[in-house]
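Enquirer:
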Amino acid sequence: MSSGNGARIPGRGFESSPPGEGVGLGAFPVSRLRTLPPAGTPIRAAEVARWAARALSPSLGPSLRARSAFEEGVRQRFEVPHVLMMSSGRGLLSLLLEELARRRPGRMEVAIPGYTCYSVAAAVVRAGLRVRPLDIDPATLDYAPEALAGLQADRVLAIVSGNLFGIPGDLSALEAFARKRGIFLVDDAAQSMGATVDGRPVGTFGTAGLFSLDKGKNITSLRGGVLVTRDDDLSRRLAERIDALPGAGFAEVGGDLVRLAGFASLQEPHLFGVVRRIVRLGETVYDPDFPLERYPDRLAPMALLLFRRLDELNRDRAERGRSLRNRLEGLPGVHFPSAQGKSAGVALRLPVLAPNAEARDRLLDALTARGLGATASYPRSIADVDALGPHLATGMLPTPGAVDVAARILTLPTHSGVEISYQEQICEVFGAMLEDASVPT
Ligand SMILES: Cc1ncc(COP(=O)(O)O)c(C=O)c1O
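Printed below as a string of structure tokens:
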């Protein structure tokens with residue numbers, strides 16, 4: 076059912092798969108070769124050693140036990156009876172949508188935020204469904220209320236939440252909205268594992284929720300997706316389909332092991348700068364032809380080790396995000412998209428809206444030249460991704476909020492490598508760039 080070839084969209088800075096940051100980052104000045112990763116998870120050397128001891132064992136037993144413990148941990152923490160895993164979140168999303176489509180034949184559209192990860196749109200296309208991007212509010216990055224109000228719901232199968240950068244959307248309201256219209260809500264927590272809304276974990280709203288274990292997510296095992304649901308029938312059907320999928324090949328597992336082992340060293344700013352020059356890292360890609368594979372069990376011990384530190388990792392990012400935001404707040408024309416209502420975010424990155432597109436580009440160039448881990452995030456709104464054109468729902472309304480965000484957003488890193496000296500440098504760049512410009516606020 077897949078259609079279309081992958082389309083590379085040249086972005087500014089890194090996006091889809093930024094490597095992590097990590098072990099023992101020193102407070103040395105950033106030179107041109109020293110580059111902060113835009114996002115990441117500080118994996119400790121001891122964790123690499125413990126993971127390797129299990130993953131490299133000739134028997135699969137230790138990895139399988141770690142996977143069971145991880146799934147049980149997710150079940151308990153998120154209070155859901157069913158946890159399913161695959162090699163990616165997008166793979167799970169496409170199978171999930173196919174299963175939901177069997178329950179509502181004739182409903183062919185999936186509403187997604189007008190500005191979100193292109194993998195979400197790719198999963199919709201992979202499931203043979205049409206993408207209906209709805210506009211977002213730049214102040215929250217969540218669905219714009221008027222876009223929801225104007226939605227013609229009769230052809231819509233499901234609506235997917237955004238929760239980008241660790242900022243939760245108004246999920247209680249979205250759940251009620253979807254229920255009232257007979258639409259399935261899929262709670263995409265790929266970037267928000269550990270966040271809550273009204274005391275409920277993000278990822279547990281609606282019919283099913285998703286987490287990603289890809290690089291640069293709240294926790295990572297290099298790749299992997301986790302689906303949670305309370306729906307017994309859905310879980311049974313999905314489990315059958317996942318069991319029938321191929322696993323990663325022998326060479327791929329070997330490659331994963333090498334890559335994950337190298338991950339910790341990649342996180343050091345000096346090495347990240349070098350590797351970035353050799354490998355084309357993190358282009359934003361729309362590609363509906365992604366593999367559908369079972370989760371590689373030998374990665375599970377890493378998922379388990381980091382899952383046990385989820386709260387600590389989230390606290391650390393939140394603290395740095397707050398500190399950075401406090402320094403930048405008050406600069407002319409700079410805005411910080413934020414959640415509304417009673418929610419606790421997890422600050423995977425700190426998104427900032429520059430006063431205008433030109434100022435964003437200048438800021439990004441200056442931050443990138445100093446290796447300060449800024450990215451332009453997704454370069455275009457979903458509706459402006461050319462390769463998606465044939466797969467968009469008919470009668471789509473414009474998404475000006477999403478277009479505006481794509482032009483003005485940049486993300487700043489919040490991981491443990493962003494020490495005070497880096498925060499000061501980021502502020503210097505903002506101060507200098509915004510002072511230079513005659514900025515309309
Ligand atoms: C918001 C969002 N949803 C879904 C996904 C898909 O997750 P994965 O990379 O595990 O396929 C991502 C990952 O980039 C994401 O950022």
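Using this note's numbering, the final residue of the sequence shown is 516, and nothing's skipped along the way.
Glycine residues also receive a C-beta, built at the ideal position from the N, C-alpha and C atoms.
Are residue 272 and residue 418 touching if we call contact CB-CB under 8 Å?
Expert: Residue 418 sits close to residue 272, with the two beta carbons spaced by under 8 Å.
Enquirer: Under 7 Å: does the beta carbon of residue 287 sit that close to some heavy atom of ligand 1?
Expert: yes
Enquirer: Rounded to the nearest angstrom, how far is the Cβ of residue 487 from that of residue 427, given a contact under 8 Å?
Expert: 6 Å
Enquirer: Quick check on this structure: which residue in 292, 259 and 142 has the alpha carbon closest to the alpha carbon of residue 490?
Expert: 292
Enquirer: Let me know if residue 238 comes out buried or exposed under the rule of 16 or more other beta-carbons within 10 Å of its beta-carbon.
Expert: buried
Enquirer: Quick check: what's the CA-CA separation for residue 183 versus residue 263?
Expert: 19 Å
Enquirer: Assuming residue 430 contacts residue 409 under a Cβ cut-off of 8 Å, what Cβ separation, rounded to an integer in Å, is found between them?
Expert: Between residue 409 and residue 430 the Cβ distance is about 7 Å, and since that is below 8 Å, they are a contact.
Enquirer: Three or more C-beta pairs closer than 8 Å, one from the segment 139-153 and one from the segment 391-399: is that the case here?
Expert: Between the segment 139-153 and the segment 391-399 there are fewer than three C-beta pairs closer than 8 Å, too few to call the two in contact.
Enquirer: Ligand 1 heavy atoms versus the CB of residue 263: any closer than 7 Å?
Expert: yes
Enquirer: State the DSSP-derived secondary structure class of residue 78, mapped to helix, strand or coil.
Expert: The predicted model places residue 78 with a pLDDT of 39, which falls under 50 and marks its position as unreliable; any figure quoted below should be read in that light. Residue 78: coil per DSSP, three-state reduction.
Enquirer: Does the beta-carbon distance from residue 144 to residue 379 come in below 8 Å?
Expert: yes
Enquirer: With contact counted as at least three CB pairs below 8 Å, one residue from each stretch, are the segment 220-229 and the segment 153-164 in contact?
Expert: no
Enquirer: In this structure, does DSSP put residue 148 in helix, strand or coil?
Expert: helix
Enquirer: Unbroken beta strand (DSSP E) runs of length 3 or more, entirely within the segment 268-345: which are they?
Expert: Along the length of the segment 268-345, whole beta strand (DSSP E) runs at least 3 residues long occupy 283-287 and 300-304, reported in chain order.
Enquirer: Which class does residue 205 belong to by DSSP, given the choice of helix, strand or coil?
Expert: strand
Enquirer: Spatial neighbours of residue 354 within its chain, please: CB distance less than 6 Å, with the 5 preceding and 5 following residues excluded, ordered by chain position.
Expert: Because the pLDDT at residue 354 is just 44, under 50, the model does not fix this residue reliably, and the value given afterwards should be weighed accordingly. Cβ within range, chain order: n/a, list empty.
Enquirer: Out of 384, 177 and 193, state which residue places its alpha-carbon closest to the alpha-carbon of residue 119.
Expert: 384
Enquirer: For residue 395, does the count of other Cβ atoms within 10 angstroms reach 16, so buried, or fall short, so exposed?
Expert: So residue 395 counts as buried.
Enquirer: For the segment 276-294 and the segment 433-453, state whether three or more C-beta atom pairs, one from each stretch, are separated by less than 8 Å.
Expert: The segment 276-294 makes no contact with the segment 433-453: fewer than 3 CB pairs, one atom from each, lie closer than 8 Å.
Enquirer: Please return the same chain residues whose Cβ sits closer than 6 Å to the Cβ of residue 186, not counting the five positions on each side in sequence.
Expert: 207, 209, 231 and 234
Enquirer: Using three-state DSSP, classify residue 125 as helix, strand or coil.
Expert: helix
Enquirer: Which residues in the same chain have their Cβ closer than 7 Å to the Cβ of residue 287, if we skip the five residues on either side of it in sequence?
Expert: 164, 265 and 300
Enquirer: Can you tell me where the alpha helix (DSSP H) holding residue 174 begins and where it ends?
Expert: 164-178
Enquirer: Ligand 1 and residue 195: does any heavy atom of the ligand fall closer than 7 Å to the residue's C-beta?
Expert: yes
Enquirer: Which residue or residues does DSSP assign as beta-bridge partners of residue 187?
Expert: 208
Enquirer: Using CA coordinates, which residue listed in 504, 290 and 177 is at the minimum distance from residue 114?
Expert: Considering only alpha carbons, the answer is 290.
Enquirer: Give the list of continuous beta strand (DSSP E) stretches no shorter than 3 residues that lie fully inside the segment 428-499.
Expert: 484-488
Enquirer: For ligand 1, is there any heavy atom lying closer than 7 Å to the beta carbon of residue 163?
Expert: yes
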